[in-house]
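The structure appears below as structure tokens.
In this note's numbering, the protein residues as written are 7 to 332.
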């Protein structure tokens with residue numbers, strides 16, 4: 007009878023330390039730890055603690071990726087101008103916003119970010135561009151608003167919904183940014199505010215928010231018009247979102263009262279419940295450029311303003327597993 011080694015050869019590599027960049031399916035024997043391992047994939051998503059923000063804050067703007075994130079503005083007992091940069095382990099100070107504000111939208115990368123709208127003592131239309139060191143003024147929104155949604159890049163962004171005046175409800179207005187100025191886009195089907203926004207200018211997603219009550223609805227934008235998407239399992243406002251229109255993650259937020267830790271994943275058609283955050287909170291920000299499998303959620307409000315960062319690894323992500331005898 008043929009043996010495994012005769013058929014396939016000696017497939018298990020003997021090493022003194024784990025490979026630095028293995029491929030999925032690769033197997034090896036670590037002779038130092040005397041353990042047989044292989045690189046598999048995760049079967050469900052999981053949140054893990056990351057480094058805390060230097061300043062606890064809620065209603066902040068966010069941009070970037072899990073390992074290169076940006077947090078800016080927000081609110082403690084007053085609006086903030088401070089910016090922080092995340093390297094996947096810890097946060098360090100960046101350049102301050104020209105004006106302290108909260109409840110703004112953000113998009114882009116850590117070295118090419120956009121912040122727009124928000125609240126000082128009134129709703130504002132201002133836009134700021136970040137180059138990795140400092141913020142400079144961009145073109146103003148056509149409609150001043152806070153609690154708005156946003157998506158895209160520094161030179162191709164989309165802003166939607168929000169609140170144009172203190173105490174008022176949401177609006178349907180959408181605007182598109184070309185790196186210099188904002189122009190009108192297609193209106194949301196329903197006026198709302200305090201939603202999560204992800205994706206690009208021509209492939210954006212608006213999730214959750216508030217009309218007269220918290221909602222679970224989602225809408226998809228194709229660069230011209232909005233159409234209804236799948237409905238989330240948990241209605242909520244002031245949630246965070248990350249990823250792309252066809253691979254999004256919605257997490258945290260405020261249902262009718264309190265805060266939720268609920269996490270849901272979107273595949274472009276429907277939402278499924280994923281692993282909840284460790285701590286329920288609303289008014290947080292998220293960072294994840296592209297698919298939602300690697301996401302950071304930071305800041306927000308639980309029973310107090312939070313500095314916590316959590317990192318999400320989605321199902322299907324590579325993970326090293328140890329083989330043990332049964």
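Note that CB positions come from ideal geometry on N, CA and C, so glycine has one too.
Bear in mind the structure is a predicted one, so any value in this text is a computation, not a measurement.
Output yes or no for whether 8 angstroms exceeds the beta carbon distance between residue i and residue j.
i           : j           : result
residue 141 : residue 192 : no
residue 229 : residue 207 : yes
residue 211 : residue 224 : yes
residue 62  : residue 313 : yes
residue 98  : residue 91  : yes
residue 102 : residue 89  : yes
residue 158 : residue 202 : no
residue 293 : residue 119 : no
Keeping to the same chain, check which residues put their C-beta closer than 7 angstroms to that of residue i; ignore five residues upstream and five downstream.
i           : result
residue 138 : 116 and 117
residue 252 : 273 and 274
residue 147 : 122, 123, 131, 133, 165, 181 and 188
residue 279 : 239 and 270
residue 195 : 225, 232 and 234
Would you decide whether residue i is buried or exposed? Buried here means 16 or more other CB atoms lie within 10 Å of its CB.
i           : result
residue 104 : exposed
residue 318 : buried
residue 283 : buried
residue 329 : exposed
residue 153 : buried
residue 164 : buried
residue 352 : The first residue shown for the chain is 7 and the last is 332, placing residue 352 beyond what the model contains.
residue 248 : buried
residue 10  : Confidence is the limiting factor: at residue 10 the pLDDT is only 41, short of 50, which leaves the residue's position unreliable, though a coordinate-based value still follows. Exposed.
residue 55  : exposed
residue 185 : exposed
residue 15  : At residue 15 the pLDDT is 42, less than 50, meaning the model places this residue with poor confidence and gives no usable figure here.
What does the alpha-carbon distance come out to for the pair residue i and residue j?
i           : j           : result
residue 73  : residue 95  : 8 angstroms
residue 271 : residue 254 : 6 angstroms
residue 301 : residue 41  : 31 angstroms
residue 239 : residue 78  : 30 angstroms
residue 167 : residue 51  : 30 angstroms
residue 126 : residue 219 : 25 angstroms
residue 7   : residue 18  : In this predicted model, residue 7 has a pLDDT of only 46, less than 50, meaning its place in the structure is not dependable; the value taken from the coordinates is given anyway. Cα to Cα, the separation comes out at about 21 angstroms.
residue 161 : residue 145 : 11 angstroms
residue 45  : residue 26  : 11 angstroms
residue 22  : residue 311 : 46 angstroms
residue 70  : residue 258 : 19 angstroms
residue 315 : residue 93  : 12 angstroms
residue 178 : residue 262 : 22 angstroms
residue 213 : residue 237 : 9 angstroms
Quick check: is the beta carbon of residue i nearer than 8 angstroms to any beta carbon in chain D?
i           : result
residue 221 : Note that chain D does not occur in the displayed structure, where there is just one protein chain.
Using C-beta distances below 6 angstroms, list every residue in its chain close to residue i, excluding the 5 sequence neighbours before and after it, in chain order.
i           : result
residue 264 : none
residue 336 : A query on residue 336 cannot be resolved here, the shown segment of the chain reaching from 7 to 332 and no further.
residue 66  : 77, 79, 80, 291 and 305
residue 267 : 282, 283 and 286
residue 183 : 163
residue 60  : 90 and 97
residue 106 : 85, 86 and 87
residue 112 : 67, 68, 69 and 121
Give me the residue from the options with the minimum Cα distance to residue i.
i           : options              : result
residue 303 : 68, 114 and 51       : 68
residue 170 : 242, 159, 149 and 70 : 149
residue 2   : 29, 38 and 320       : In the structure as shown, the chain begins at 7 and stops at 332. Residue 2 is therefore absent and cannot be evaluated.
residue 308 : 279, 285 and 291     : 285
residue 36  : 126, 110, 260 and 24 : 24
residue 33  : 43, 27 and 112       : 43
residue 209 : 250, 197 and 143     : 250
residue 135 : 277, 143 and 128     : 143
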